[in-house]
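Novice: My questions will all concern the structure given below.
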């Protein structure tokens, strides 16, 4: 009867006394100074958290509602953990539903009510809302500040009130850093988990912690938090749906039909939040997925906006043609992308592992090697290495699969919502474009072979290494020069698009998933430079102004991320060194 999440959190707290759940993180790095790879991994897993964070007092209702609105406008559409109408009830339970002075309600740090669960939910949502824009709360150039200034409001969204002399008579409440709201939330999380009976509300709490960990490093780290969420979800059976059982229950006319619909919708949305986070994090850190696609049978949640889904009435769709815009068009599009990314990574990993057994050393100066055993000598007949990935069953060759995935990615971006009138929220749709080009890089990057100039440095084995990467990606088939050039043009375009889109989003302070952004900027940047080194065709299509502007887009964003994401400094410095060498090669 003990909650699995509480066991894990207790284990984390006891194993990392300096990095407990209360204040924020260790006072010293938990990784050796000499291992840069380990440092990058440690940063992503939450080992770079700040040494001491002062918990924020409870926000006033006005400030809380502003931060909550930021969460639902920008974060919840990507990972729809919370139902907006239900969360409005959380705010009412804490501050009271009656009309009171918004500036004094809760501003002294003493909320009117609410359980530990509700106080945790409010503070962690405020933490995420406070981190939506990368600039600080008092920076005058943030998008939110400009918007409210133009509307004659304070930065917290409250109306400006002036005296006859033109002076302000009301001072807006102070917004704290996301880390401070997170520290306050952690105090209530421990009390909430000690009282919780488990279930979906506990999973929601862990998912919100993962949502915050996307913005800022937090102990025990995003990888482990998502792992806890996935195991909780599987333990609750959220990954599996019996279509016949659902149809039989739906046919019942009793008074519990609405509650069953609500419960089913909540289970579906939480499952696909867990799945999305697992695929997102595993893809970035290069680790295996937490669950196989073949065992997932849960359908997507409804596309209807939250106002049409009620805890007791269930789903009450509007009349045809009267539907309001729904943020879930964004959620569904992200779910579809994570399924495509999952397929891409699993096929490419299987191809790489399968052909790794066929590579042999070509250096005649090497000592005579012991004969390499075949796969049949190492693995029994039923081992997965003898089996083809299920994603390739309907394709004659890996190349056919490659072209089909490319087509499906194009279909995905062509069917993406095109305006905020379709979504009903302020979420920047440029992020969908960004994800499209990142997926293109993931699909084609394994096809990149060793550049000609680098192949000479590899000795007698260099020429074989040149073609081996592309052969792995295409299932061992020789790749024509025309096909190889097409791959390099595609990766060059995708890398340039990713870097420029990040610059565009950074200018409006919306590059908020700092560690993921650092990863994608660096990978897109080196992929872009790689194609310039390798392909004369790419070099002929790009002017030096194009190259310089694209390089500047990457270095400027990485430089601005250093304060929130320490590994961005090493990535920026390494990228600048590679960029200088690339420009010199082009000029030569």
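In the UniProt record's numbering, the protein residues as written are 1 to 588. Glycine residues also receive a C-beta, built at the ideal position from the N, C-alpha and C atoms.
#1: Near residue 614, which residues of its chain fall below 7 Å by C-beta distance, leaving aside the five closest residues on each side in sequence?
#2: Pull up the DSSP beta-bridge partners for residue 559, would you.
#3: Can you have a look at residue 394 and say buried or exposed, based on whether 16 or more other CB atoms are within 10 angstroms of its CB?
#4: Tell me the rounded alpha-carbon separation between residue 287 and residue 341.
#5: Which of the three DSSP states is assigned to residue 314 in this structure?
#6: Please report the straight-line C-alpha distance between residue 238 and residue 576, rounded to a whole angstrom.
#7: Contact defined as beta carbons within less than 8 Å: I believe residue 424 pairs with residue 327. What is the distance between those atoms, to the nearest angstrom?
#8: Give the C-beta separation of residue 337 and residue 435 to the nearest angstrom, bearing in mind that I take them to be a contact with Cβ-Cβ under 8 Å.
#9: Give me the Cα-Cα distance between residue 166 and residue 67, rounded to the nearest whole angstrom.
#10: For a test of the three-state rule: what should DSSP assign to residue 309, helix, strand or coil?
#11: Quick check on DSSP: helix, strand or coil for residue 504?
#12: Assign residue 606 to one of two classes, buried (16 or more other C-beta atoms within 10 Å of its C-beta) or exposed (fewer than that).
#13: Three or more beta-carbon pairs under 8 Å between the region 483–493 and the region 524–539, yes or no?
#14: Apart from the five residues on each side of it in sequence, which residues of its chain come closer than 6 Å, Cβ to Cβ, to residue 608?
#15: In whole angstroms, give me the CA-to-CA distance for residue 90 and residue 54.
#16: What's the C-alpha gap between residue 301 and residue 269?
#17: Does residue 438 pass the burial test, meaning 16 or more other C-beta atoms within 10 Å, or should it be called exposed?
#18: Smallest Cα separation from residue 552: which of 317, 580, 537?
#19: Measuring straight from C-alpha to C-alpha, what distance separates residue 503 and residue 568?
#20: With distances taken Cα to Cα, identify the nearest neighbour of residue 79 among 542, 307, 266, 524.
#21: In three-state terms, what does DSSP make of residue 237?
#22: With a threshold of 7 Å on Cβ separation, who are the neighbours of residue 84 within its own chain once the five nearest residues in sequence on each side are excluded?
#23: Just to confirm before moving on: does the CB-CB distance between residue 229 and residue 210 stay below 8 Å?
#24: Taking 8 Å as the cut-off, decide whether the C-beta atoms of residue 290 and residue 236 are in contact.
#25: Sorted by chain position, which residues of the same chain lie with C-beta nearer than 6 Å to residue 86's C-beta, five sequence neighbours on each side aside?
#26: May I ask you to report which of helix, strand or coil DSSP gives residue 177?
#27: How many Å lie between residue 216 and residue 562 at the Cα?
#28: Within 10 angstroms of the Cβ of residue 527, are there 16 or more other Cβ atoms? Answer buried if so, exposed if not.
#29: Go through the region 504–539 residue by residue and report every complete run of the beta strand (DSSP E) that reaches 3 residues or more, in order.
#30: Kindly indicate which three-state DSSP category residue 323 falls into: helix, strand or coil?
#31: Helix, strand or coil: how does DSSP classify residue 78 here?
#32: Leaving aside the five residues before and after residue 271 along the sequence, list all residues of the same chain whose C-beta is less than 7 Å from its C-beta, in chain order.
#33: Per DSSP, what kind of secondary structure is residue 11 in: helix, strand or coil?
#34: Which residue from 519, 560, 555, 506 puts its Cα closest to that of residue 285?
#35: To which residues of the same chain is residue 312 closer than 7 Å at the C-beta, ignoring the five residues directly before and after it?
#36: Using 8 Å for Cβ pairs, my map puts residue 421 next to residue 325. What's the rounded Cβ distance?
Specialist: On the basis of the coordinates in this document:
#1: As displayed, the chain neither begins before 1 nor continues past 588, which places residue 614 out of reach and without an answer.
#2: Beta-bridge pairing links residue 559 to no other residue.
#3: exposed
#4: Straight-line measurement puts the Cα of residue 341 at about 13 Å from the Cα of residue 287.
#5: DSSP, reduced to helix, strand and coil, places residue 314 within a strand of the structure shown.
#6: 46 Å
#7: 6 Å
#8: 6 Å
#9: A caution first: residue 166 carries a pLDDT of 43, below 50, which makes its placement in the model too unreliable to give a value.
#10: strand
#11: helix
#12: The structure shown has nothing for residue 606, since the chain only spans 1 to 588.
#13: By the Cβ rule, the region 483–493 counts as touching the region 524–539, because three or more pairs are nearer than 8 Å.
#14: Within the shown structure, residues of the chain are numbered from 1 to 588, placing residue 608 beyond reach of any answer.
#15: 24 Å
#16: 5 Å
#17: buried
#18: 580
#19: 15 Å
#20: 266
#21: coil
#22: 72, 306
#23: yes
#24: no
#25: none
#26: In this structure, DSSP gives residue 177 a state outside helix and strand, which the three-state scheme calls coil.
#27: 12 Å
#28: buried
#29: You should have found no qualifying run.
#30: coil
#31: In this structure, residue 78 counts as coil in the three-state DSSP scheme.
#32: 233, 238, 239, 298
#33: The pLDDT assigned to residue 11 is 46, lower than 50, so where the model puts this residue is not dependable, and the model offers no usable value.
#34: 519
#35: Around residue 312: 258, 259.
#36: Rounded, the Cβ-Cβ distance is 6 Å, consistent with contact.
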